[in-house]
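Numbering-wise, the sequence shown is residues 2 to 356 according to my numbering.
We put the CB at the ideal spot given by N, CA and C, even for glycine.
Because the structure is a prediction, the values reported are computed rather than measured.
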Amino acid sequence: MQKNLMNQFIHEEKEVLTSILQRKEDIIGVSVQAYTKNEIENVYVIGSGTSYHAALVAKDTISRLLNKQVFVMYPTHFEREQLHLGGKQLVIGISQGGRSLSTIHGIEKAKQWGFPTIGISEYAESDLADTVDYFIPLSIGSVEKAGAKTKGYVGTILTLILFAMQASGQQDEEILESLQTTFGSIDTLAYVSEEWYQKIKGDFYHAKDIAVIGYGTNYATALEGALKLLETARVPVVGYEMEEYMHGVYNCISPDSFIIFLASEHKDKERLLHMKEFLGEITDHCYVIGKEGTFEASDKDLAFAFQEQEDFSAFEYIVPLQILSSLLSADKGIDAAIPKFPNFHTMMGSKVANV
Numbered sequence: 002m003q004k005n006l007m008n009q010f011i012h013e014e015k016e017v018l019t020s021i022l023q024r025k026e027d028i029i030g031v032s033v034q035a036y037t038k039n040e041i042e043n044v045y046v047i048g049s050g051t052s053y054h055a056a057l058v059a060k061d062t063i064s065r066l067l068n069k070q071v072f073v074m075y076p077t078h079f080e081r082e083q084l085h086l087g088g089k090q091l092v093i094g095i096s097q098g099g100r101s102l103s104t105i106h107g108i109e110k111a112k113q114w115g116f117p118t119i120g121i122s123e124y125a126e127s128d129l130a131d132t133v134d135y136f137i138p139l140s141i142g143s144v145e146k147a148g149a150k151t152k153g154y155v156g157t158i159l160t161l162i163l164f165a166m167q168a169s170g171q172q173d174e175e176i177l178e179s180l181q182t183t184f185g186s187i188d189t190l191a192y193v194s195e196e197w198y199q200k201i202k203g204d205f206y207h208a209k210d211i212a213v214i215g216y217g218t219n220y221a222t223a224l225e226g227a228l229k230l231l232e233t234a235r236v237p238v239v240g241y242e243m244e245e246y247m248h249g250v251y252n253c254i255s256p257d258s259f260i261i262f263l264a265s266e267h268k269d270k271e272r273l274l275h276m277k278e279f280l281g282e283i284t285d286h287c288y289v290i291g292k293e294g295t296f297e298a299s300d301k302d303l304a305f306a307f308q309e310q311e312d313f314s315a316f317e318y319i320v321p322l323q324i325l326s327s328l329l330s331a332d333k334g335i336d337a338a339i340p341k342f343p344n345f346h347t348m349m350g351s352k353v354a355n356v
């Protein structure tokens, strides 16, 4: 089994998450003042790609802890909004590398409107960190130079949740216990996912049309899993919310279509499995990821003892998709740490140039 740097970082996720949890006060630090020293009415979290997906996962938990509306937006959409709102809006910008110009411009716009700002990045010395009022380090250990981000994704989710907890002044023991329980199985899940990959790699090696379908919090997992696959295997992959897939997308399915179903514990799980049965009559390439004992699993499926802690199953369900991405790219001879088009961001002006 070929492995790569991305795979190594996936296996660091449990350690990274546990460390962030243990050092939460030091990591969040004085950034809570952006919330506590202002009469905040709403919270906006802006970011692109993996950062955006992480914010979607954390959104509901942040909203409950702060008792505020939370809006997750792409930076370009936020920047173009005419926010003629009263009071203060807290704006949190996320860019793991700290170089995303759209996020930096969004923060600059927020400051023009007089809103307090926070930046989350792996790099304290970055353009994003220099732009915001308060900075929170994305403390994920060794620098994630694997191209497609993995431990940075889960680290961002946890950092956002812990910020909200610290800002609310609550030490919610139930949330902390749920997080610890969830993190406890990630190592085992990664190894089980590698075994699952060995069963399906022959099929996926030739896949040209892949969809990932989820619901609830794991809609964000479907988006992030699709991004990881297309970044690494470099074939077209799309993530869908289950209901949206039902509204027309199914018309394009063919015998060559590959579909991954994220069957997390949710009120719509039976509908998802029913859709899998229907689509399974058209394509043999249907794969279910779900809790063992809750569905009839085939050799193509990954059935695992997921902890399924409310709102936090996204920490678990992303792992098989990350493993699939890292090992498939390695077997295809693709080094995901090397961009296919190294001059793309320079040509498009989408990131601050490296110095």
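Buried versus exposed, by CB contacts within 10 Å (16 or more), residue i
i, result
"Gln90", "buried"
"Asn8", "buried"
"Pro237", "exposed"
"Tyr192", "exposed"
"Leu18", "buried"
"Ser52", "buried"
"Phe279", "exposed"
"Asn252", "exposed"
"Val356", "Its pLDDT being 43, under 50, Val356 is placed unreliably by the model, and nothing is read from it."
"His12", "buried"
"Thr218", "buried"
"Glu225", "buried"
"Ile63", "buried"
"Ala306", "exposed"
"Gln113", "exposed"
"Val46", "buried"
"Gln97", "buried"
"Thr88", "The amino acid occupying residue 88 in the given sequence is Gly; Thr does not appear at that position. Exposed is the call here."
"Gly240", "buried"
"Leu6", "buried"
"Gly185", "exposed"
"Glu232", "buried"
"Val250", "exposed"
"His441", "Only positions 2 to 356 of the chain appear in this structure, which leaves residue 441 out of reach."
"Val289", "buried"
"Gln167", "buried"
"Val33", "buried"
"Val31", "exposed"
6 angstroms Cβ shell around residue i - same chain, five flanking residues per side excluded
i, result
"Phe205", "Leu329"
"Leu57", "Val73 and Ala221"
"Ser258", "Asp210 and Thr284"
"Ser169", "Leu66 and Leu67"
"Gln70", "Asn43"
"Tyr246", "Ile214"
"Leu159", "Leu18 and Ile21"
"Thr132", "Ile105 and Ile108"
Rounded Cβ spacing between residue i and residue j (contact assumed at less than 8 angstroms)
i, j, result
"Ala59", "Ile162", "5 angstroms"
"Gly115", "Thr104", "Contact flag wrong, Cβ pair sits at about 19 angstroms."
"Thr157", "Leu139", "6 angstroms"
"Ala149", "Ala337", "5 angstroms"
"Lys15", "Asp188", "5 angstroms"
"Pro76", "Gly48", "7 angstroms"
Cutoff 8 angstroms; reference residue i; Cβ partners in own chain excluding five residues on either side
i, result
"Thr183", "Gln308, Gln310, Phe313, Ser314, Phe316 and Glu317"
"Gly281", "Cys287"
"Lys4", "Ser327, Leu328 and Ala331"
"Val320", "Ile11, Glu14, Ile187, Leu190, Ala191 and Ser194"
"Asn39", "Lys89, Leu91 and Pro117"
"Ala134", "It should be noted that the sequence gives Asp, not Ala, for residue 134. Around Asp134: Ala35, Lys112, Pro117, Thr118 and Ile119."
"Ile254", "Ile260, Leu280, Ile283 and Thr284"
Residue i beta carbon near the ligand ATP (any heavy atom closer than 7 angstroms)
i, result
"Met276", "Among the components modelled here there is no ligand, and therefore nothing to report on the ligand ATP."
Cβ neighbours of residue i in the same chain (closer than 7 angstroms, five flanking residues each side left out)
i, result
"Ala125", "Phe136 and Pro138"
"Lys229", "Ala149, Leu322, Gln323 and Ser326"
"Phe10", "Glu145, Ala147, Thr151 and Lys152"
"Ala227", "Val213, Val238, Val239 and Gly240"
"Asp269", "Tyr216 and Met243"
"Glu380", "Outside the modelled stretch of the chain, which goes from 2 to 356, sits residue 380, for which no answer is possible."
"His267", "Tyr216 and Gly217"
"Ile29", "Ile137, Leu163, Phe164 and Gln167"
Handout entry: Contained alpha helix (DSSP H) runs [length at least 4] in the stretch 228-295, N- to C-terminal order
Key = For the stretch 228-295, whole alpha helix (DSSP H) runs of length 4 or above, ordered along the chain, are 243-247 and 270-280.
Handout entry: Touching by the beta-carbon criterion (3+ pairs, under 8 angstroms), the stretch 106-122 and the stretch 143-150
Key = Because the criterion of three Cβ pairs below 8 angstroms is not met, the stretch 106-122 and the stretch 143-150 do not touch.
Exercise for the section: Check whether the stretch 254-263 touches the stretch 271-285, taking contact to mean three or more Cβ pairs, one atom from each stretch, closer than 8 angstroms. Expected result: Counting Cβ pairs under 8 angstroms, three or more are found: they touch.
Handout entry: 3 or more residues per run - each beta strand (DSSP E) lying fully within the stretch 81-128
Key = DSSP runs (the beta strand (DSSP E)) wholly in the stretch 81-128: 89-95 and 118-122.
Problem - Cβ pair count under 8 angstroms reaching 3, the stretch 171-183 against the stretch 297-304 - result: Cβ pair count under 8 angstroms is below three, so no.
Problem - Any 3 or more C-beta pairs closer than 8 angstroms across the stretch 20-38 and the stretch 149-163 - result: Contact holds: three or more Cβ-Cβ distances are below 8 angstroms.
Exercise for the section: Tell me the start and end of each unbroken alpha helix (DSSP H) in the stretch 20-63 that is at least 4 residues and wholly inside, in chain order. Expected result: Contiguous alpha helix (DSSP H) elements confined to the stretch 20-63 occur at 25-29 and 34-37, taking only those with 4 or more residues.
Problem - Entirely enclosed alpha helix (DSSP H) segments - the stretch 158-201, minimum 4 residues - result: Runs of the alpha helix (DSSP H) inside the stretch 158-201: 174-184.
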